[in-house]
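Presented below is the structure to which this report refers.
Residue numbers (this note's numbering), protein chains in the order written: chain D, 15 to 297; chain P, 8 to 88; chain E, 32 to 310.
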């Protein structure tokens, strides 16, 4: 571990201890919510800019923005479940001892975030949308699996953070949604800083010994991961709950629409910047 | 849709998403995961396609890699006769 | 009042820096330049004086007259210079007794980015452009505090000129990047909605606009000291300086860092002698 990573781990651990919170007190949960309010900012709704969106009334758009929030929080829950499993597996594992003290905070904070997201989804939506991901067992070069784990966490969280940051600040949003996004952003920044540092460190260690085909495979896998991550933001379950006909076609058309492509490109460019700078992905 | 039509639709989907699949593949019993014609990251997208073919959502909990081993396996899991 | 090795405070509300504190100031600026490189921002160095007409173009004097500092010169006529030298140029209290002054046409830079709008006046862009510049900036205040509120201080800015979407995306990126930076060095900071200190705000349409459509966020240290700010200007400078993008006034946005205030935050957080974290 470089001195850089050690210093980061020490500082982040100190901040996490200071920011330690009771997840059941962090957010003011209203008894019930009128769904005809903005729960997701219009430009972050998956259909924004598409003909389907333009054809909806403002109330319909707002109801859609509610189910989009349920989907966004559901994606976070599934991401956090996989993340917590991966973090737990790495606690005190040889090679990870030096970051163990921070992994405890990371794990603890992710569990708390799932409490917020889960509370919103079940209390106001009556469900968490199911996860369609299935992992196939795969062989990895030494160090590749750890690198991919943290690199993918980093990409996922960078994208989420852009949503959180925008929604934390916009007064149009329902207060409970704003609070969830604001709290999540405030906490995730630490994870993002840790993620960047550990990804740099694992890449530095790995790239010296990985053969070219492993490096090429990593780049291809991360590129495919970005696409797969975004694909989940276009969920037919959301469109069905929002009362739209032909939900799968709506999802396909929205995904292919130029305005949603531009939205994804803009955020992806940012999310991948640290990885691109280090050559982990080819932009 | 008849079972052969479903299998052909699945085959077309896999070919469309993997330009490197040889001309006459995958057959109904080709091990598509072992051959890397289908990756883990493509499953969610494939499931949406399956749902649209069925015109009904499916419950993804409990899905295993084996469900996607071959076109036959996918067919049998999601299109029971 | 802050005291630290390498800081010498001047009675006129300005600071002299040397040693470890100056080294930290350089490292901070290097870090912000590295941040700017993320957008391939083109670096510019401008003079300290700015033509007053540039600020007038943007109605700055009516908005912030209290902050203006002008470079004054004596009227060069020999008789006038003689009047000056024959009298007492500077009295015991340090006050200057000028004879007639030459016309004042310049102002000391109040914010680094104004030079960039002036510099690109009349141009038309077909893609987003990013710039960075640093300058010694001057703001007259009623009272000064070392490193926290000074008559002259150092400001590093990164500016985006593009479409509304590009300007918005730039600020979102910049905000996120600064959050990563400040979290890594463990500074207690939070972003807060802010408005500029307009003169007679209730009569200023720009102030009213800022209230209706919040465009300024400040990065507050311990909820009291703004060490950076993000600003969305919409088409304000694009119109004022006739800078276009695809046939329309360019939209601009900037992020500004007050270097001395960062030093103050570091000293409060880590003590006057550090050790200061890596950046």
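Here a beta-carbon is modelled for each residue, glycine too, at the ideal position from N, C-alpha and C.
Within the same chain, and ignoring the five residues on either side of residue 54 of chain D in sequence, the residues whose Cβ sits closer than 6 Å to its Cβ are 79, 82, 83. A distance below 8 Å between beta-carbons, with the five flanking residues on each side excluded, links residue 154 of chain D to the following residues of its chain, in chain order: 162.
Going by beta carbons, residue 140 of chain E and residue 104 of chain E fall outside the 8 Å limit. Straight through space, the alpha carbons of residue 163 of chain E and residue 189 of chain E are spaced by roughly 4 Å. Scanning D:287, D:263, D:63 for the CA closest to the CA of residue 210 of chain D turns up D:287. Here residue 32 of chain E carries a coil assignment [DSSP, helix/strand/coil].
Under the DSSP assignment, residue 104 of chain D falls in the alpha helix (DSSP H) whose first and last residues are 72-104. Straight across, the Cα-Cα distance linking residue 174 of chain E with residue 44 of chain E is about 8 Å. At a cut-off of 8 Å between C-beta atoms, residue 81 of chain D does not count as an interface residue with respect to chain P.
Taking 8 Å as the upper bound for CB-CB distance, residue 172 of chain E and residue 180 of chain E are in contact here, some 6 Å apart. Here residue 283 of chain D is exposed, its C-beta having fewer than 16 other C-beta atoms within 10 Å. Within chain E, the C-beta atoms nearer than 7 Å to that of residue 179 of chain D come from 203, 206, 207, in chain order. By the neighbour-count criterion, in which a residue is buried when 16 or more other Cβ atoms sit within 10 angstroms of its Cβ, residue 52 of chain E is buried. DSSP places residue 235 of chain E outside any alpha helix (DSSP H), giving it a letter other than H or E.
Between residue 120 of chain D and residue 89 of chain D the beta-carbon gap is near 19 Å, outside 8 Å, which marks them as no contact. If you ignore the 5 residues before and after residue 147 of chain E, its C-beta comes within less than 7 Å of the C-beta of 75, 162, 164, 190, all in its own chain and listed in chain order. Residue 146 of chain E: member of the alpha helix (DSSP H) spanning 145-150, first to last residue. Between the stretch 292-304 of chain E and the stretch 191-205 of chain E there are fewer than three inter-stretch CB-CB distances shorter than 8 Å, so the stretches are not counted as touching. Looking at the DSSP output, residue 192 of chain E shares a beta bridge with E:160, E:283.
For residue 150 of chain D, the chain P residues whose Cβ falls inside 9 Å of its Cβ are 40, 45, 46, 47, 50, 72, 75, in order along the chain. In chain order, 250, 262 make up the part of chain D whose C-beta sits under 8 Å from the C-beta of residue 58 of chain P.
Under a criterion of Cβ atoms nearer than 8 Å, the residues of chain D adjacent to residue 217 of chain E are, in order, 25, 26, 28, 29. Think of a sphere of 7 Å around the beta carbon of residue 246 of chain D: the chain P residues whose beta carbon falls inside it are 51, in chain order. For residue 192 of chain D, the uninterrupted alpha helix (DSSP H) run begins and ends at 189-221, by DSSP. For chain E, the residues of the stretch 277-290 of chain D that bring a beta carbon within less than 7 Å of one of its beta carbons are 280, 284, 287, in chain order. Between the C-alpha atoms of residue 85 of chain D and residue 160 of chain D there is a straight-line separation of about 28 Å.
Rounded to the nearest whole angstrom, the CA to CA distance from residue 146 of chain D to residue 68 of chain P is 8 Å. Within the stretch 22-88 of chain P, the runs of alpha helix (DSSP H) that reach at least 4 residues and sit entirely inside it are, in chain order, 50-61, 78-85. DSSP, reduced to helix, strand and coil, places residue 167 of chain E within a strand of the structure shown. By the criterion of a C-beta distance shorter than 7 Å, residue 52 of chain D is surrounded in its chain by 76, 79, 186, 187, 188, once the five residues flanking it on both sides are discounted. Here residue 47 of chain P is buried: its Cβ has 16 or more other Cβ atoms, across all protein chains shown, within 10 Å. Among the residues of chain E, those whose CB is under 8 Å from the CB of residue 22 of chain D are 215, following chain order. Following the DSSP letters along the chain, one finds residue 128 of chain D inside the alpha helix (DSSP H) bounded by residues 114-134. Within chain P, no C-beta atom comes nearer than 7 Å to that of residue 183 of chain D; the closest sits roughly 31 Å away.
Within chain E, the residues placing a beta-carbon under 7 Å from that of residue 203 of chain D are 210, 211, 214, ordered along the chain. According to the DSSP assignment, residue 116 of chain E belongs to the alpha helix (DSSP H) that extends over 109-117.
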